[in-house]
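Trainee:
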Amino acid sequence: MTTENNGDQDNMETTTTPSSLSSVASSSKRKVINTKAMGTGLEARGVHAWFGNHHALADVSLDFAAGTVTALIGPSGCGKSTFIRTLNRMHEFIPTAAMAGQVILDGKDIYDPSIDVTKIRLQIGMVFQKPNPFPSMTIGENVLSGLKLAQLKTENKDDLLEECLVKAGLWNEVKDRLNAHGGSLSGGQQQRLCIARSLAVRPQVLLMDEPCSALDPGSTLRIEETIEELSSSMTIVIVTHNMQQAARVSDYTAFFLSDGGPGQMIEMAPTNEIFARPRDKRTENYVTGRFG
Amino acid sequence: MTTTSPFQDIKPQRPWQASTKDRLITFAIFLLSILASVVVVSFTGLSGKLGLFVSFVFVFIFVTSGRSYLQFGSAVAKDSLVNILVAVGTFLTIIPIASILFEVFSKGYKGLYPGLFFQDMSLNSPNDPANVGGLGHAIVGTFLLVSIALIFSVPIGILTALYLTEIKGKFSRPIRFLVQAMSGVPSIVAGLFILSAILYPITKNNSSLLGSLALAILMIPTVARTSEEVLNLIPNDLREAGVALGGTQWRTVAMIVVPAAKSGLLTAVILGIARIAGETAPILLVAGGGDRYNFNPFSGPMGSLPHFIWNSFRAGTPESTARAWTGLLVLLVIVFVLFAIARFFGNRKVGK
Amino acid sequence: MSTTETTYLIPEKRVVTTKPRFSDKVFRGVVTGGGLSSLVILGLIFGFLLYQGFDIFKSQGIGFITNSDWDITYDESGYVLSNQFGLASMLIGTILCAFIAVLIAVPISVASALYLSFYAPEWLKKPMVAIIDLMAAFPSLLFGIWAYFILMPSGAYWAKLLNNYLGFLPFFKNELRIFSNSPFVVSLILAIMIIPIITSISREVFAQAPLDRIQAAYALGATRWAMIRAVVIPHGRNGVIGGAMLGLGRAMGETVAVYTVLNIVFTINWQILVGAGGNVASMILLKFGEASAYETKALMAAGLVLFVLTLIVNFFSDLLVRSFGAKGK
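Shown next, in the form of structure tokens:
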């Protein structure tokens, strides 16, 4: 397992990408990282995914170093959403789903039968495409709902509530109406409420599946600021269709593509390199807008 | 996957499902709980099947949830407790069905013989053994009752559904409620209604036509509600396409919407038949109940399967009770076949 | 004060409608007629039963539903000398049995629906749903005869157990020590009959619980049960209550299955384990065969009371299920 230095990437090699990512790893990073606070990142090893007989995703190995933001980009249907859902075991809710490979958190495979899956999802939070606050709960209850759901205890709920809402950039807007219902917020506010909700259980990793695709540009900007803020204290993986967004928020970018068969990870590199000097021709075609 | 795929040797896995080891452990706990419950029953005041069942459930819950608690903590233990409780609930739902099916088949099959379906009961008494006489007249009667009920209920039921889905007029809400209310009309009330509205003032005699009318009242809501569901599944673009091609609403509905919903509407009718085929109370009030063949639905008492079963049951002798079970078996098979046909058509894609 | 009003020329609203053609007019007329048939039929039922039972309502007054004697005497030539028709014991018996049936059925149905929606393995779901739906289509005669021969002995045994351990409660008293043909056994068979109905409504309601919130709960580390409590139950509560009311209506109107089991007596009985009770629908069937013309009018009046009772229950059921439907959207 690696920390901020993506040293052992030798199992990154897939049949399609003989990339030399070890050179990527030494490249400059944008911030100083405090690894203590946020665990040791997350690592996918040879992850495959199936829906019934349909092989949707093949052999993805990626290392998400602690304290980094990684963007997953690629055309629709390339398996990036499927991949992100395998990272906190949301994939298995589709009845015909299957997978292969390993996802390593804190040195343990999260798919190991002896692991309590609910604990995994507490450590690896997720924000969805559409904001989905619980309508029967107030704003405050929404933020703390994770504690209730997982039966966690906390000493000072008010402090936690404020902390999470501040981090999600929502505190100033809702501090006077914490008892209002979650549904009374605008779409962008709801999404930030959902981020605050994910933060309340103190995850090490936050997965975001196109969190801005249903939002207006102003709200998108606010969420991007939130991501920037959060990345100093946790590992973030974000799926996005918006390449500018990937360029703005992420440290690393991974490009996914399906050539009719299962989706694969073509290339992963620091974000500025992916956009400036992509190593793979297909990546170049995509980021320069020649297809997709 | 193509044969040249480089991922041939990688097999899909479902690590979230219970492994063979887990299943063996669960099975072992299951067996142990049975053993434990036998021990409990033999050493305490509990007794009988009920005691066995209750102590088994308690032991099983205790061991399984305790195990999850030790392994994963209280939240998971609670979940496994609920898992067992809801499974027990389902078991309690299934038990009566299983018992009913078992009893009807095991008690009813003895009376089956070819003559059963051709002979009637005009020459037999309740003391005759079950393989004398038959329910041919009852099958004819039920067939006539149901067919005539169909003539009234299918048009009305489907028209109601069309009103709710195609016209969507200002009465839609009240009518939806009234259809719902009609499905809750007790069957005996339907019988009393025909009695008070037609039999007493007009015909003054039993006939199967009156039985059909009562059955039609009970069948209309089933047909209407199922048809409404089916018609709602027809995509709106089909209707718009029809109207945009210059068709009138009438032609659009008749030539596009209804044909597209054909198999679903058939399902609705069959479910309606299943609903009334075994209906007893109104038949007892208005259709009379003959023990011989009667092919005239407009006059004379008409036998029917429910009536045949009812009479045999009420006669009380062992022979006639056996005959009642045989009648129930025949009725159950009819309902089962209707139900299977309805599911077959209902499972087909709408519009195909 | 004179004002110079600026007048805006507001163009007249154009009403845009397609003028229906003749064939469409006919079509809409016929369909609307068919649609209104349920109103007509329900109205006719009410009207005719009221017409036939009117004499009884007039002569008995409110006593028809508050008294519990049912007597009629004739002289030699068949004239009615005296009569007393009271439905109280029948009504109380009907409501009591139906209510207990719902109390038994709801937990079992909700458990089944939860199991089939969230816990059962995939391969088990389809056949189980089919079997339970099939059970909903079983004729009541089948339930009745099965209840008489198979359920009653077990039911009487369970009743005895209840009486042994809880007999100090007035509800479970039974000094006669006869446990067959009791309202308790009737409640059991009614519960068995309405379980499939409540189960399938609950299942439909649970299936409409929004997937995105279910996923949100899981992603926050909820177990299935924690998810159900946080998302499914708040969402489906009204629908389940509506389903239970629907079951209540069915249980109140059931005739044959009650008739085979219950020992009908015209006294109010709250002791559900005692083998005597009342039921409007079964009483009608019981009395019908031997009833004179005048007594038949009383049966019609009883039918009207039952009809109105089930209409009221259905109304509330519909209200609840509908309010759920509006919220679910």
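Chains as they are written, first to last, in our numbering: chain A, 455 to 746; chain B, 8 to 359; chain C, 57 to 385.
Beta carbons: idealized from backbone N, C-alpha and C, even for Gly.
(1) For B:Gly307, which residues from the same chain have a beta carbon less than 6 angstroms from its beta carbon, with the 5 sequence-adjacent residues on both sides left out?
(2) Taking 7 angstroms as the limit between beta carbons, can you name the residues of its chain near A:Ala491, skipping five residues before and five after?
(3) Tell me which residues share the same chain as C:Leu365 and place their Cβ nearer than 7 angstroms to its Cβ, disregarding the 5 neighbours each side in the sequence.
(4) Could you pull out every residue in the same chain whose Cβ sits closer than 6 angstroms to the Cβ of A:Glu738, ignoring the five residues on either side in sequence?
(5) Can you name the residues of chain B whose CB is closer than 9 angstroms to the CB of C:Tyr221?
(6) Label C:Trp202 either buried or exposed according to how many other C-beta atoms from any shown protein chain fall within 10 Å of its C-beta, with 16 as the threshold for buried.
(7) A:Ser481 to A:Pro724, Cα distance in whole Å?
(8) In angstroms with no decimal places, state the Cα-to-Cα distance between B:Ile348 and B:Leu339.
(9) What residues match up with A:Trp504 in a beta bridge as DSSP calls it?
(10) Do you know offhand how far A:Leu632's Cα is from B:Leu53's?
(11) Apart from the five residues on each side of it in sequence, which residues of its chain come closer than 6 angstroms, Cβ to Cβ, to C:Ile257?
(12) Any chance the stretch 636–649 of chain A sits against the stretch 689–704 of chain A, with 3 or more Cβ pairs inside 8 angstroms?
(13) Pull up the DSSP beta-bridge partners for A:Met722, would you.
(14) Would you say the stretch 255–262 of chain B touches the stretch 190–198 of chain B, given that touching needs at least three Cβ pairs under 8 angstroms?
(15) For the stretch 259–281 of chain C, list every residue whose C-beta sits within 7 angstroms of some C-beta in chain A, in sequence order.
(16) Any Cβ of chain B within less than 8 angstroms of the Cβ of A:Ser480?
(17) Specify the secondary structure class of C:Gly333 as computed by DSSP and reduced to three states.
(18) So C:Cys153 packs on C:Ser210, CB below 8 angstroms; how close in whole Å?
(19) Buried or exposed: which applies to B:Leu130, given that a residue is buried once 16 or more other Cβ atoms fall within 10 Å of its Cβ?
(20) Is the shortest distance between the beta-carbon of A:Met553 and the beta-carbons of chain B less than 8 angstroms?
(21) Considering Cα atoms alone, identify which of A:His509, A:Gly521, A:Ile538 and A:Val620 is closest to A:Gly528.
(22) Starting from A:Arg543, find everything on chain B with Cβ-Cβ shorter than 8 angstroms and list it in chain order.
(23) Could you compute how far the alpha carbon of C:Gly89 sits from the alpha carbon of C:Leu376?
(24) Flag this pair as touching only if the stretch 119–130 of chain B and the stretch 205–224 of chain C have three or more C-beta atom pairs under 8 angstroms; answer yes or no.
(25) Determine which residues share a DSSP beta bridge with C:Phe141 and list them.
(26) Identify, in the order they occur along the chain, each residue of the same chain with its Cβ nearer than 6 angstroms to the Cβ of B:Gly353, setting aside the five sequence neighbours on each side.
(27) Looking only at DSSP bridge pairs, what is B:Phe112 linked to?
(28) Taking the beta carbon of C:Tyr315 as the centre, do at least 16 other beta carbons fall within 10 Å, making it buried, or is it exposed?
(29) With 8 angstroms set as the bound, which would you pick, yes or no: does the beta-carbon of A:Val655 sit closer than that to a beta-carbon of chain C?
(30) Please report how far the alpha carbon of A:Pro665 lies from the alpha carbon of A:Lys534, in whole angstroms.
(31) From what residue to what residue does the beta strand (DSSP E) around A:Val523 run?
(32) Closer than 8 angstroms is the cut-off here; do at least three beta carbon pairs connect the stretch 149–169 of chain C with the stretch 68–86 of chain B?
(33) Short of 9 angstroms Cβ to Cβ, which residues in the stretch 284–296 of chain C face chain A?
(34) Consider the Cβ of A:Lys485: report whether some Cβ of chain C lies at a distance smaller than 8 angstroms.
(35) Would you say A:Ala604 faces chain B, with C-beta separation under 8 angstroms as the test?
(36) Below 7 angstroms on C-beta distance, what does C:Gln108 contact in chain B?
Mentor: Looking at the atomic coordinates:
(1) Here residue 307 of chain B is taken as the residue at index 300 of the second sequence, counted from 1. Excluding residues within five positions, the ones whose Cβ falls inside 6 angstroms are Asn301.
(2) Mapped onto the first sequence, residue 491 of chain A falls at position 37. Confidence is the limiting factor: at A:Ala491 the pLDDT is only 46, short of 50, which leaves the residue's position unreliable, though a coordinate-based value still follows. Taking C-beta separations shorter than 7 angstroms and ignoring five residues to either side along the sequence, the partners of A:Ala491 in its chain run Ser687, following chain order.
(3) The sequence position of residue 365 of chain C within the third sequence is 309, counting from 1. Closer than 7 angstroms at Cβ, skipping near neighbours: Met308.
(4) The residue given as residue 738 of chain A occupies position 284 in the first sequence. Scanning its chain for C-beta atoms nearer than 6 angstroms, with the 5 sequence neighbours on each side dropped, one finds around A:Glu738 the residues Pro732, in chain order.
(5) In the third sequence, residue 221 of chain C corresponds to position 165, counting from 1. The contact set of C:Tyr221 on chain B, defined by CB atoms closer than 9 angstroms, is empty, because the minimum CB distance reaches about 10 angstroms.
(6) For the purposes of this step, residue 202 of chain C is identified with residue 146 of the third sequence, where counting begins at 1. Residue environment for C:Trp202: buried (at least 16 other C-beta atoms within 10 angstroms of its C-beta).
(7) Position 27 of the first sequence holds residue 481 of chain A. Position 270 of the first sequence holds residue 724 of chain A. Its pLDDT being 38, under 50, A:Ser481 is placed unreliably by the model, and nothing is read from it.
(8) Counted from its first residue, the second sequence places residue 348 of chain B at position 341. Counted from its first residue, the second sequence places residue 339 of chain B at position 332. B:Ile348 and B:Leu339: Cα-Cα distance of roughly 14 angstroms.
(9) Along the first sequence, one-based indexing puts residue 504 of chain A at 50. Beta-bridge annotation (DSSP): A:Trp504 is paired with A:His509 and A:Ala552.
(10) Counting from one through the first sequence, the residue named residue 632 of chain A turns up at place 178. Counting from one through the second sequence, the residue named residue 53 of chain B turns up at place 46. Going by the C-alpha atoms only, they are around 54 angstroms apart.
(11) Numbered from its first residue, the third sequence carries residue 257 of chain C at position 201. Taken in chain order, the residues that qualify are Gly299.
(12) By the Cβ criterion, the stretch 636–649 of chain A is not in contact with the stretch 689–704 of chain A, since fewer than three pairs of Cβ atoms, one from each stretch, lie closer than 8 angstroms.
(13) Within the first sequence, numbered from 1, the residue matching residue 722 of chain A stands at position 268. Per DSSP, A:Ala708.
(14) As far as the Cβ criterion goes, the stretch 255–262 of chain B does not touch the stretch 190–198 of chain B, which means the pair count is below three.
(15) Taking 7 angstroms as the upper bound on Cβ-Cβ separation, chain A lies near residues Asp268, Arg269, Gln271, Ala272, Ala273, Tyr274, Ala275, Leu276, Gly277, Ala278 and Thr279 of the stretch 259–281 of chain C.
(16) Numbered from 1 along the first sequence, position 26 holds the residue referred to as residue 480 of chain A. With a pLDDT of 36 at A:Ser480, under the threshold of 50, the predicted position of this residue should be treated as unreliable, though the coordinate-derived value follows. Taking a beta-carbon distance threshold of 8 angstroms, A:Ser480 does not count as an interface residue toward chain B.
(17) As a first step, residue 333 of chain C is located in the third sequence; it is residue number 277 there, counting from the start. DSSP places C:Gly333 in strand when its eight states are reduced to three.
(18) What you label residue 153 of chain C is simply residue 97 of the third sequence in a count that begins at 1. What you label residue 210 of chain C is simply residue 154 of the third sequence in a count that begins at 1. Not confirmed; about 18 angstroms, so no contact.
(19) Position 123 of the second sequence, counted from the first residue, corresponds to residue 130 of chain B. An exposed status is given to B:Leu130, since fewer than 16 other beta-carbon atoms sit within 10 Å of its beta-carbon.
(20) Sequence index remark: in the first sequence, residue 553 of chain A carries index 99 (1-based). Cβ-Cβ to chain B under 8 angstroms: yes for A:Met553.
(21) Reading the first sequence from its first residue, position 74 is the one you call residue 528 of chain A. Closest option to A:Gly528, Cα to Cα, is A:Ile538.
(22) Working through the first sequence from its first residue, we reach residue 543 of chain A at position 89. Near A:Arg543 (Cβ distances below 8 angstroms), the residues of chain B are Trp23.
(23) Here residue 89 of chain C is taken as the residue at index 33 of the third sequence, counted from 1. Here residue 376 of chain C is taken as the residue at index 320 of the third sequence, counted from 1. C-alpha separation (whole angstroms): 28 angstroms.
(24) Not touching, per the Cβ criterion.
(25) As a working note, residue 141 of chain C is residue 85 in the third sequence. For C:Phe141, the beta-bridge partners assigned by DSSP are C:Trp126.
(26) Translated into positions along the second sequence, residue 353 of chain B becomes position 346. Cβ within range, chain order: Thr274.
(27) For the purposes of this step, residue 112 of chain B is taken as the residue at position 105 of the second sequence. Paired residues: none, contrary to the question.
(28) As a first step, residue 315 of chain C must be located in the third sequence, where it is residue number 259. Looking at its Cβ environment, which holds 16 or more other Cβ atoms inside 10 Å, C:Tyr315 is buried.
(29) The residue labelled residue 655 of chain A in the question sits at position 201 within the first sequence. Closer than 8 angstroms to some Cβ of chain C, the Cβ of A:Val655 qualifies, so yes.
(30) For this step, residue 665 of chain A is matched to residue 211 along the first sequence. For this step, residue 534 of chain A is matched to residue 80 along the first sequence. When the Cα atoms are used, A:Pro665 and A:Lys534 turn out to be separated by approximately 14 angstroms.
(31) In the first sequence, the residue the question calls residue 523 of chain A occupies position 69. Element bounds for A:Val523: Val523 to Ile527.
(32) The stretch 149–169 of chain C vs the stretch 68–86 of chain B: no contact.
(33) In summary, the residues of the stretch 284–296 of chain C whose CB is separated from some CB of chain A by less than 9 angstroms are Arg285, Ala286, Val287, Pro290 and His291, in the order they occur in the chain.
(34) Counting from one through the first sequence, the residue named residue 485 of chain A turns up at place 31. Confidence is the limiting factor: at A:Lys485 the pLDDT is only 46, short of 50, which leaves the residue's position unreliable, though a coordinate-based value still follows. No, A:Lys485 does not count as interfacial toward chain C.
(35) Position 150 of the first sequence, counted from the start, is the residue given in the question as residue 604 of chain A. Residue-level contact check: A:Ala604 touches chain B, since one or more beta carbons of chain B fall below 8 angstroms from its beta carbon.
(36) Sequence index remark: in the third sequence, residue 108 of chain C carries index 52 (1-based). Result: Ser203.
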